[in-house]
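Written below as structure tokens is the structure these notes are about.
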Amino acid sequence: MKKRILSGMRPTGKLHLGHYLGVLASYVKLQDEYDCYFMVADMHALTTKWNESGSIREYRREMVLDWLGAGLDPQKSAIFCQSDVPEHAYLFTLLAMITPVSWVERNPTVKEMIRDMDLKDNVNLGLLSYPVLMASDIMVYRAEAVPVGKDQVPHLEFARELVRTFNHTYHVDLFPEPQPILNEFQRLPGLDGRRMSKSLGNDIVVSDPPEVTAKRMMTAYTDPLKARKDDPGHPEAGCVIYQYHKLFQPDTAPEARIQCEQGCLGCVAHKRSVAAMVSERLVGFQERRTAFAADPRSVDRILAEGHERASVVAAETVRMVREAMGI
Ligand code: TRP
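Heads up: the sequence shown at position 55 corresponds to 55 in the UniProt record's numbering, and the numbers run straight through without jumps.
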């Protein structure tokens, strides 16, 4: 029998190239090896967007389309929405009883969110308990592993502590300790050289048409010492375009490097050709995405099927948890 894994993403916008080459590529690869549950974490989105939640549904649809375009296969994986499966919230309440407040207060990822979003005095109970809800997501499927990015590892460690506490307190062996599956892809730089992120405004959205990608690419950071085409460039000194080139077309990168250094390749031309490489890589993704999007009911249908599959496991877990806790 295949091991069960669970992962999720908050629906906060269209996915970018960093998601696509990182966590999404890893989801797609894991589909054959594991029994996969992929979840739209819309309740987690509410922890910070409770007062501007109007786009969550639209983002849910866009994100699922991005997943399908990337190659997530609803025949193989259960693709569903967190808030559709009430057992997540139910288990959350029960896990809250065994969670010391000091654990949530010291969680570094939550601290980071509070700092990055400048929330300080505006932290709701939901955000504070973010890791408990995430542990519920994982534990309600008794998942053995969780594909995540490095930033999520403290949350996963938190879930492992809750698993140990639960099993120990109630003398059961109900939950496996979930292991992280880190995608091996190194962080993709954004257009300004910092890590790619929607909130930093330096991202390349994978569902954007080639014209938009080309336009975005023109804003990329290149060697500031190369003002004109014939100036000698220093592509290794942080030029984002050269980094993308190495990633998307490693064979032709050395040649471009020499031409740039010798002043035979200008930044604008280089940007244009790298934009074409990126769009070329995304052709299959966009075709699949467009095909799913053409049927306005496809996403709802897939989420309903995923919900059904998820519910079976989730209900079984909750039954066992109630039994273990004596309620
Ligand atoms: N916190 C995750 C993120 O921001 C999203 C998430 C919610 C998740 N629940 C999860 C990831 C359970 C893995 C497992 O990316």
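All residues carry an ideal CB built from backbone N, CA and C; glycine is no exception.
(Q) I want to check one thing, is the minimum distance from the CB of residue 340 to the heavy atoms of the ligand TRP below 7 Å? (A) This structure cannot settle anything about residue 340, because the visible part of the chain is limited to 1 through 327.
ask   = Comparing the CB of residue 148 with every heavy atom of the ligand TRP, is any distance shorter than 7 Å?
value = Distances taken from the Cβ of residue 148 to the heavy atoms of the ligand TRP include one shorter than 7 Å.
Can you tell me whether residue 179 is helix, strand or coil according to DSSP? strand
Any heavy atom of the ligand TRP closer than 7 Å to the beta-carbon of residue 152? yes
Looking at the secondary structure, which residues open and close the beta strand (DSSP E) in which residue 7 lies? First-last of the beta strand (DSSP E) with residue 7: 4-9.
How long is the line joining the alpha carbons of residue 177 and residue 212, rounded to whole angstroms?
44 Å
Locate the alpha helix (DSSP H) running through residue 36, then write down its first and last residues.
Residue range 35-40 is occupied by the beta strand (DSSP E) that includes residue 36, with no alpha helix (DSSP H) assigned at that position.
Flag this pair as touching only if the segment 166-183 and the segment 133-148 have three or more C-beta atom pairs under 8 Å; answer yes or no.
yes
What are the start and end residues of the alpha helix (DSSP H) that includes residue 310?
298-325
Original post:
Any heavy atom of the ligand TRP closer than 7 Å to the CB of residue 41?
Top reply: yes
Can residue 7 and residue 27 be called in contact, C-beta distance under 8 Å?
yes
Provide the residue span of the beta strand (DSSP E) that contains residue 81, from first to last. 78-81
- Please determine if the segment 204-219 and the segment 27-43 are in contact, where contact requires at least 3 C-beta pairs separated by less than 8 Å. no
Report, in whole angstroms, the separation of the C-beta atoms of residue 174 and residue 183, which I expect to be a contact under 8 Å. Not really, about 29 Å apart at Cβ, beyond 8 Å.
| field | Min CB distance residue 295 to chain C below 8 Å | value | Among the chains of the structure shown, chain C does not appear; only one protein chain is present.
**Message:** Are the CB atoms of residue 90 and residue 318 within a distance shorter than 8 Å?
**Reply:** yes
Note to self: Ignoring anything shorter than 3 residues, give me the beta strand (DSSP E) runs that lie fully in the segment 210-274, in order along the chain.
What the structure shows: none
Pull up the DSSP beta-bridge partners for residue 16, would you. 205
Taking just the CA atoms, how far does residue 229 sit from residue 223? 11 Å
field: Under the three-state DSSP convention, the category residue 329 falls into
entry: What is shown of the chain runs 1 to 327, which leaves residue 329 out entirely.
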